[in-house]
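Protein sequences appear in the order of chains A and B.
Once you know that position 54 of the first sequence is 73 in the working numbering, the rest is easy, because the numbers rise by one and skip nothing.
Once you know that position 250 of the second sequence is 269 in the working numbering, the rest is easy, because the numbers rise by one and skip nothing.
From the three backbone atoms N, C-alpha and C, an ideal C-beta is built for every residue, glycine too.
Here's the structure we're looking at; comments come further down.
There are 2 protein chains.
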Amino acid sequence: MAAKVTIADVARYANVSRQTVSNVLNSPEVVKEETRQRVLAAVNALGYRVSAAARQMRTGRSRLLAVRIETTQDGMNVFDRFLHGLTESAARSDYRVLLYTATDDRSEIDTIDQLLGEFEPDGFVLTSTHHGDARASWLAERDLPFVTFGRPWGASEAGHPWVDVDGAAGTEAATRHLLGDGHRRIGFIGWEAGSGVGDDRRAGWSRALAAEGLDTALTLETDGSPDQGRAAAQELVERGATALVCVSDSVALGALQVTPAVVGFDDTPVAAAIGLTSLGQPLAEAAARCVELLTDRLSGRPTAPHVLLSPTLVTRKPTLAIRKDPRS
Amino acid sequence: MAAKVTIADVARYANVSRQTVSNVLNSPEVVKEETRQRVLAAVNALGYRVSAAARQMRTGRSRLLAVRIETTQDGMNVFDRFLHGLTESAARSDYRVLLYTATDDRSEIDTIDQLLGEFEPDGFVLTSTHHGDARASWLAERDLPFVTFGRPWGASEAGHPWVDVDGAAGTEAATRHLLGDGHRRIGFIGWEAGSGVGDDRRAGWSRALAAEGLDTALTLETDGSPDQGRAAAQELVERGATALVCVSDSVALGALQVTPAVVGFDDTPVAAAIGLTSLGQPLAEAAARCVELLTDRLSGRPTAPHVLLSPTLVTRKPTLAIRKDPRS
DNA sequence: CACGTCATTTGGATCGATCAAACTCTCAGA
DNA sequence: TCTGAGAGTTTGATCGATCCAAATGACGTG
């Protein structure tokens with residue numbers, strides 16, 4: 020294990036003071052070019068790296084962003100790709116991602132509170148925003164830097180930077196795609212009303228149909244499971260639907276057992292596997308924007324209030340469908 | 020933003036010295052019970068939390084574990100669940116997980132080197148071990164604490180703690196399961212020889228067949244894609260196979276388009292979605308064991324050299340199969 | 001009653017960086 | 001020649017915890 024190289028070692032090696040080394044790294048413009056070169060050479064020669072702990076102690080900045088890692092449920096989600104993008108974008112701005120877990124809003128707030136005392140992350144990224152999100156208001160009250168991936172769905176939580184993907188635009192595009200294929204009776208399988216994300220996605224579908232003067236009555240609510248998706252699809256088909264737009268790939272998976280003209284949401288690996296047309300979120304970009312909004316705020320730059328990205332329809336032909344006679 | 024509470028504040032409040040507060044938290048046995056109570060009360064009253072930075076500065080311990088977040092490829096992997104388990108287990112031992120990305124072994128080593136200089140993680144968790152893994156030897160040479168999830172496949176990399184799931188035991192169980200269903204000609208679709216994981220999984224299959232005196236010639240190598248899985252399945256079925264054990268769910272997905280008697284590996288969401296029987300890894304436990312091995316080593320306790328866990332066969336009935344006439 | 005022992009508590013130094021303020025030159029202008 | 005400004009560099013203090021060595025106090029013993 021190489022001995023720790025401190026700023027004092029570099030200073031000695033380059034025949035300058037500690038402060039000058041610090042200046043070379045943090046405010047190079049105040050240092051004479053010749054000195055700067057000499058110090059940089061010393062830094063390289065010794066393999067010096069600033070100690071995050073020491074720097075944090077003095078400046079109060081940790082260069083850490085904290086993110087909650089979500090529980091995976093049925094695994095048909097999008098979080099892991101977002102997290103990967105976040106880690107990469109953060110690294111590009113010299114930030115690192117610190118993970119934590121929580122079971123609900125309340126425990127997440129407790130964890131955030133604890134982290135603030137111990138590791139003092141410079142910023143937080145919240146995902147899965149929802150109506151009456153206690154986390155956002157908690158952070159906002161304390162004036163702590165954070166971004167949400169997911170817009171604030173309640174009025175009271177507005178006013179913080181966020182990044183989101185335009186679900187309504189997505190389902191609208193999906194519905195138009197089905198209209199283009201000649202479908203006239205297109206249903207929507209959603210979640211229970213009241214979820215911001217779900218309602219938004221339903222709105223896009225109904226907007227597209229309304230624009231054509233078509234029936235927007237063919238919609239049902241589910242708990243999001245494939246089973247309920249299948250049941251809902253069954254009923255909607257009986258009521259005359261020939262195609263279905265779904266609030267998620269999970270629901271779409273069930274629907275696909277009833278009819279092939281189905282569009283899902285999130286473009287999960289499952290969609291790719293079974294040939295389900297689905298709406299893909301630009302997750303790497305969403306993550307990059309989150310980091311951008313946060314780091315702008317952290318370095319005092321003016322920040323965009325929010326960013327709304329568009330999903331992309333990924334069209335596929337179903338390769339798998341319900342097996343009528345399950346053997347083995 | 021609540022003002023920072025330091026150990027000195029607590030000391031003043033409880034009418035003791037800083038050191039006594041520190042002792043209450045770190046070596047309670049040297050403090051008189053009554054004092055201990057008084058200090059703890061002060062800690063609660065003020066909401067004191069140790070500053071990780073200050074502690075690290077003095078002790079050299081960061082209470083951080085660093086893990087590389089893998090790229091997701093086709094998303095049919097297991098890493099996100101492992102990572103979640105790791106974060107939870109780490110938190111239970113008062114460690115936090117720090118993420119980083121890397122594109123290959125070399126860049127991962129560079130990143131680790133950099134992290135060591137800056138954030139000084141106390142330990143590392145390496146995943147996706149392989150033959151001639153440069154990362155493990157690099158860390159071992161420097162005597163840095165790390166665990167791998169995945170055993171060391173080369174002789175030279177042995178000697179560090181690891182946690183792994185017994186792939187051979189898994190495929191052996193899967194093969195026996197198929198034998199129990201009456202199959203006699205069971206094929207194996209694997210990866211190119213030379214990958215430790217892949218060879219191990221093939222070995223379990225061949226062991227089970229050999230034990231019954233059956234033919235172990237029905238095996239092919241692929242690049243792991245569903246397409247090649249499908250092609251391999253086609254050929255093996257033509258050569259007489261009635262059932263197939265697969266090295267991954269991805270390959271199995273392709274194989275399932277040829278015959279329904281297929282077993283995959285990893286029990287990914289895709290397997291659940293399409294009703295693919297698959298071998299599930301005990302990821303939460305694997306993660307917990309990784310943390311255990313690491314923290315044991317970090318606190319000087321004797322550590323188990325390694326841990327080998329068994330996968331579980333999750334049997335399902337295919338709900339989806341190849342669609343003969345793809346409409347829409 | 002002085003003294004050693006043990007349990008408990010304390011003050012000062014320290015980790016490695018940055019802040020704030022002071023210092024040293026050099027050079028232009030009075 | 002002296003002064004002042006400005007560029008460039010240095011010194012000392014500080015962030016909040018823990019290490020170390022030493023002080024304090026209670027208690028039993030010869």
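| Item | Value |
| --- | --- |
| I'd like the list of long-range same chain contacts for H202 of chain B, defined as Cβ closer than 8 Å, with 5 residues on each side in sequence excluded. | T261, A262, A280 |
| Can you name, in chain order, every residue of its own chain whose Cβ lies under 7 Å from the Cβ of V49 of chain B, other than the five neighbours on each side? | N42 |
| Helix, strand or coil: which one does DSSP assign to A216 of chain B? | At residue 216 of chain B the sequence reads Val, which differs from the Ala that was named. In the structure shown, V216 of chain B sits in a helix (DSSP, three-state: H, G or I). |
| When the cut-off is 7 Å and only beta carbons count, does L117 of chain A lie next to chain B? | yes |
| 7 Å is my cut-off, CB to CB: does R100 of chain B come that close to chain A? | yes |
| Would you kindly work out how many angstroms separate the C-alpha atoms of G186 of chain B and T167 of chain B, rounded to a whole number? | 16 Å |
| Which residues share a DSSP beta bridge with W210 of chain B? | B:T241 |
| Taking only runs that begin and end inside the region 145-203 of chain A, name each unbroken beta strand (DSSP E) of 3 or more residues, in chain order. | 165-168, 181-184 |
| What's the gap between the Cα of S108 of chain A and the Cα of Y114 of chain A? | 8 Å |
| Does the CB of H103 of chain B have a neighbour CB from chain A at under 7 Å? | yes |
| Cβ of V266 of chain A within 7 Å of Cβ of F284 of chain A? | yes |
| Out of B:V216, B:R249, B:T241, B:A193, point me to the one whose CA is closest to L228 of chain B's CA. | B:A193 |
| If we define contact as Cβ-Cβ less than 7 Å, is G199 of chain B a contact residue for chain A? | no |
| Near D348 of chain B, what residues of its chain come up, given a Cβ to Cβ distance below 6 Å and the 5 sequence neighbours on each side ignored? | There is simply no residue 348 of chain B to check, as chain B begins at 20 and stops at 347 in what is shown. |
| Label Q247 of chain B either buried or exposed according to how many other C-beta atoms from any shown protein chain fall within 10 Å of its C-beta, with 16 as the threshold for buried. | buried |
| Can you pull the chain A residues whose beta carbon is under 8 Å from the beta carbon of L350 of chain B, in chain order? | Because chain B spans 20 through 347 in this model, residue 350 of chain B falls outside it and cannot be assessed. |
| Consider the Cβ of I208 of chain A: report whether some Cβ of chain B lies at a distance smaller than 7 Å. | no |
| Check the C-beta distance from R220 of chain A over to G209 of chain A and give it rounded, since I have them as a contact under 8 Å. | 7 Å |
| Is R57 of chain A helix, strand or coil by DSSP? | helix |
| Run through DSSP, which three-state label would I293 of chain A get? | helix |
| Quick check on the burial criterion: 16 or more other C-beta atoms within 10 angstroms. Buried or exposed for N96 of chain B? | buried |
| Would you call the region 282-296 of chain A and the region 77-92 of chain A in contact, with 3 or more CB pairs under 8 Å? | no |
| Grab the span of the beta strand (DSSP E) containing T334 of chain A for me, first residue to last. | T334 of chain A -> no beta strand (DSSP E), and no H or E assigned at all. |
| What are the partner residues of H103 of chain A, as DSSP defines its beta bridges? | In the DSSP output, where bridge partners are listed per residue, H103 of chain A has none listed. |
| Could you give the DSSP three-state label for L84 of chain A: helix, strand or coil? | strand |
| E107 of chain B versus chain A: which residues are under 7 Å apart at the beta carbon? | T120 |
| To be precise: take each residue of the region 124-142 of chain A, compare its Cβ to all Cβ atoms of chain B, and keep it if any distance is under 9 Å. Which residues remain? | T130, D132, Q133, L134, L135, G136, E137, F138, E139 |
| Counting only beta-carbon atoms, is R68 of chain A nearer than 7 Å to chain B? | yes |
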